Amino acid sequence: MIRFVDTTKVYSNGVVGLKNVTVNIEKGEFVFVIGASGSGKSTFLKLIMHEEAPTEGEVYVNGYSIHNMPRSEIPYLRRSLGVVFQDFRLLPNKTAYENVAFAMQIVEASPREIRRQVPLALALVGLSKKAKAYPNQMSGGEQQRIALARALVNNPSVLIADEPTGNLDPKTSWEIINLLEEINQRGTTVVVATHEKDIVDTLKKRVIVLDRGEIIRDEQKGLYLNEN
Amino acid sequence: MKIRTLRLLAKEGTNNLYKNKLMSLASIMTVVAALFFLGIVLLIAVNITSNIEAMKRDLDITVFLKVDASDFEREEVIAYIEREKEAGVISQYRMETKEQAYENIKSELKNEALLKGLSAENLPESFYIKLTDPAYSDEVIVQLTKFTGVNTEYGIGYNKSGLERLEKILKVFNYIVMVILVILMVIAVFLISNTIRLTVYARRREIEIMKYVGALDSFIRWPFIVEGILIGFVGALASFFATSQAYTWLQNVLNSILSSMGLSTLRIIEFSPVALHIFAIYAIFGVMIGGVGSILSVRKHLNV
Numbered sequence: 046m047i048r049f050v051d052t053t054k055v056y057s058n059g060v061v062g063l064k065n066v067t068v069n070i071e072k073g074e075f076v077f078v079i080g081a082s083g084s085g086k087s088t089f090l091k092l093i094m095h096e097e098a099p100t101e102g103e104v105y106v107n108g109y110s111i112h113n114m115p116r117s118e119i120p121y122l123r124r125s126l127g128v129v130f131q132d133f134r135l136l137p138n139k140t141a142y143e144n145v146a147f148a149m150q151i152v153e154a155s156p157r158e159i160r161r162q163v164p165l166a167l168a169l170v171g172l173s174k175k176a177k178a179y180p181n182q183m184s185g186g187e188q189q190r191i192a193l194a195r196a197l198v199n200n201p202s203v204l205i206a207d208e209p210t211g212n213l214d215p216k217t218s219w220e221i222i223n224l225l226e227e228i229n230q231r232g233t234t235v236v237v238a239t240h241e242k243d244i245v246d247t248l249k250k251r252v253i254v255l256d257r258g259e260i261i262r263d264e265q266k267g268l269y270l271n272e273n
Numbered sequence: 291m292k293i294r295t296l297r298l299l300a301k302e303g304t305n306n307l308y309k310n311k312l313m314s315l316a317s318i319m320t321v322v323a324a325l326f327f328l329g330i331v332l333l334i335a336v337n338i339t340s341n342i343e344a345m346k347r348d349l350d351i352t353v354f355l356k357v358d359a360s361d362f363e364r365e366e367v368i369a370y371i372e373r374e375k376e377a378g379v380i381s382q383y384r385m386e387t388k389e390q391a392y393e394n395i396k397s398e399l400k401n402e403a404l405l406k407g408l409s410a411e412n413l414p415e416s417f418y419i420k421l422t423d424p425a426y427s428d429e430v431i432v433q434l435t436k437f438t439g440v441n442t443e444y445g446i447g448y449n450k451s452g453l454e455r456l457e458k459i460l461k462v463f464n465y466i467v468m469v470i471l472v473i474l475m476v477i478a479v480f481l482i483s484n485t486i487r488l489t490v491y492a493r494r495r496e497i498e499i500m501k502y503v504g505a506l507d508s509f510i511r512w513p514f515i516v517e518g519i520l521i522g523f524v525g526a527l528a529s530f531f532a533t534s535q536a537y538t539w540l541q542n543v544l545n546s547i548l549s550s551m552g553l554s555t556l557r558i559i560e561f562s563p564v565a566l567h568i569f570a571i572y573a574i575f576g577v578m579i580g581g582v583g584s585i586l587s588v589r590k591h592l593n594v
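Keeping their order, the protein sequence lines are chains H and Y. Those letters in the first sequence? Residues 46 to 273, by our numbering. Those letters in the second sequence? Residues 291 to 594, by our numbering.
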């Protein structure tokens, strides 16, 4: 599903993002990627989304190879992924419904499909009642749930979440995490970058720990631990 | 790309135009100003060209016969002129008899003393010839000098070299206008792309989000292009209106100045005959300026 093969990323200013990373994430897995800031966590996610291209080595995502990927293919790679960010990134001038529908319009879904799928996605995140609300009329947790609905509405096989609870209070954070787990149980591969110890330790999922661009720990049912 | 997607993108573009009222207004004003200048240059060019054309049409060939030319010699010249008229070389001509020449002189001179000793008999007959095209002038003049009755002593009155100079100036002028138009166009595209860049910059987050959701470049670009084209077209409409008002006012003012200066042969032309051309040019330029400006300003933000 996602495979890094001896991947190195050096930024143009000389900063090393990742160093010889080899890792395999299987279909249906739930993975936490943890590490201090500057550990390479963001680079790891950026390579998966092709926000950056690897300097050396290869990254395979959903059958796409990221190294030397033609520009024209990038949108199709991203359509196979759902992405959620710390800052939600909803379009402020569109309602919750429109934000979710927008993701379907982009892939040129039919209006009928959109009318059927968007309410399902909103129901999945428990926000059917907020369909007509604009982002600034919703709480942070609600916005993140709308962002989740948007990420999922096209049925991606992989969901990438970059610090999804970074801006949320603990109670709301748990709501989001529970949703992610539920989504994972439906078969979607979920990759979550986080530095919230509580969440990692409670869920006991696979943990990949990065430090200075290298994987220093990769365990099933891992804990956060503070060795770094 | 599917039809409904195109419709969606057109709608997005129109909505954006409305949502960013202030920016849209700024962009539209840029187009209005650019096209207004373009229009002024064009209208000056049209006026100069039309006046030179009019001057060219008004240049006559004047042929004087010898004072003692015989009837036969005169008939010969008339026959030649008639022939050329039939052939479409000469558009019209007028003959001045000795008596008419005397009357003309009399009315011009007014001073009886100078007229003493002058009679119709010692004045020449003459022809005033208008050509359908000044290009024929060489040929016609050569032919006319061959007639024995024609007085070639003072040459045949025709300001050939003056005309040629005029045409050369006209040619150079046209090139200059062309260069000015291109420069104006480039400046306009630059200005408009700068203004649109601000609207694009204001929406860079939106573009970023679209990229993350997997939007094709064209999907992101088209609403901006639609917006640019609309800005260009609305600007063209406004500029056309402004130009027609300003020009009509200026036309009246200048025409009355010209006629009060006794330069009534020079005319500032009416707006209505060129209105459609001006509008077409404005619309085409406006739409192009807006579209190209948008493409240029979105390009940078597409690389996410």
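Here a beta-carbon is modelled for each residue, glycine too, at the ideal position from N, C-alpha and C. In this text the structure is predicted, and so the values were computed from the model without any measurement.
- Closest option to residue 200 of chain H, judged by alpha-carbon separation, among H:220, H:188, H:159, H:115: H:159.
- Residue-level contact check: residue 47 of chain H does not touch chain Y, since none of the beta carbons of chain Y fall below 7 Å from its beta carbon.
- Of all residues in the stretch 501-514 of chain Y, only 502, 503, 504, 505, 506, 509 place a beta-carbon less than 7 Å from a beta-carbon of chain H.
- Within the stretch 133-216 of chain H, the runs of beta strand (DSSP E) at least 3 residues long that lie entirely inside it are, in chain order, 203-207.
- For residue 261 of chain H and residue 61 of chain H, the gap between their C-alpha atoms comes out near 16 Å.
- Below the 8 Å Cβ cutoff, chain H contributes 150 as neighbours of residue 298 of chain Y, in chain order.
- Spatial neighbours of residue 366 of chain Y in its own chain (CB-CB distance under 7 Å, excluding positions within 5 residues in sequence) are listed in chain order as 437, 439.
- Listed in chain order, the positions of the stretch 151-167 of chain H with a beta carbon within less than 9 Å of a beta carbon of chain Y are 151, 152, 153, 155, 156.
- Note that the C-beta distance between residue 190 of chain H and residue 172 of chain H is below 7 Å.
- Identification of residues in the stretch 479-500 of chain Y having a C-beta nearer than 9 Å to some C-beta of chain H yields 495, 496, 498, 499, 500, given in sequence order.
- Residue 141 of chain H is positioned such that its CB atom lies no closer than 7 Å to that of residue 166 of chain H.
- At a cut-off of 7 Å between beta-carbon atoms, residue 190 of chain H makes no contact with chain Y.
- In the DSSP assignment, residue 529 of chain Y falls within the alpha helix (DSSP H) that extends over 507-550.
- For the stretch 299-321 of chain Y, the set of residues with a beta-carbon nearer than 7 Å to any beta-carbon of chain H comprises 309, in chain order.
- In summary, no residue of the stretch 209-224 of chain H has a CB separated from any CB of chain Y by less than 8 Å.
- When C-alpha distances from residue 232 of chain H are compared across H:256, H:202, H:220, H:219, the shortest belongs to H:202.
- For residue 97 of chain H, there is no enclosing beta strand (DSSP E), as DSSP gives it neither H nor E.
- For the set Y:384, Y:430, Y:483, Y:434, the Cα lying nearest the Cα of residue 321 of chain Y is the one of Y:483.
- For the stretch 123-145 of chain H, residues whose beta-carbon sits nearer than 7 Å to a beta-carbon of chain Y comprise 123, 124, 128, 134, 136, 138.
- Look at the beta carbons and you see the stretch 501-516 of chain Y touching the stretch 107-126 of chain H: at least three pairs across the two are nearer than 8 Å.
- Take residue 97 of chain H, set aside five residues on each side of it, and the residues of its chain with a beta-carbon closer than 6 Å to its own are 91, in chain order.
- Contact note: residue 292 of chain Y reaches chain H through 153, using a C-beta cutoff of 7 Å and chain order.
- Assignment of residue 109 of chain H by DSSP, reduced to helix, strand and coil, places it in the strand class.
- Three or more beta-carbon pairs separated by less than 8 Å link the stretch 231-250 of chain H to the stretch 203-215 of chain H, which places the two stretches in contact.
- Sequence-distant partners of residue 229 of chain H (beyond 5 residues in either direction) whose C-beta falls short of 7 Å from its own C-beta, in its chain, are 75, 235.
- Neighbours of residue 533 of chain Y in chain H, taken as residues at a C-beta separation under 7 Å, are lacking, since the least C-beta distance is about 36 Å.
- In this structure residue 357 of chain Y is in contact with residue 412 of chain Y, their Cβ atoms being roughly 6 Å apart against a cut-off of 8 Å.
- In the three-state scheme derived from DSSP, where H, G and I count as helix and E and B as strand, residue 329 of chain Y is classed as helix.
- The Cβ of residue 339 of chain Y sits no closer than 7 Å to any Cβ of chain H.
- Within the stretch 355-394 of chain Y, the beta strand (DSSP E) runs of at least 3 residues that lie entirely inside it are, in chain order, 380-386.
- Straight-line spacing of the CA atoms in residue 73 of chain H and residue 250 of chain H works out to 12 Å.
- Pairwise C-beta distances place the stretch 554-568 of chain Y out of contact with the stretch 304-316 of chain Y, as fewer than three of them are shorter than 8 Å.
- For residue 154 of chain H, the closest of Y:339, Y:375, Y:296 by C-alpha to C-alpha distance is Y:296.
- Segment contact: the stretch 323-330 of chain Y against the stretch 522-532 of chain Y, three or more CB-CB distances shorter than 8 Å; contact assigned.
- With a cut-off of 8 Å on Cβ pairs, the stretch 489-498 of chain Y is not in contact with the stretch 363-377 of chain Y, counting fewer than three such pairs.
- Nearest C-alpha to residue 457 of chain Y among Y:340, Y:307, Y:304: Y:340.
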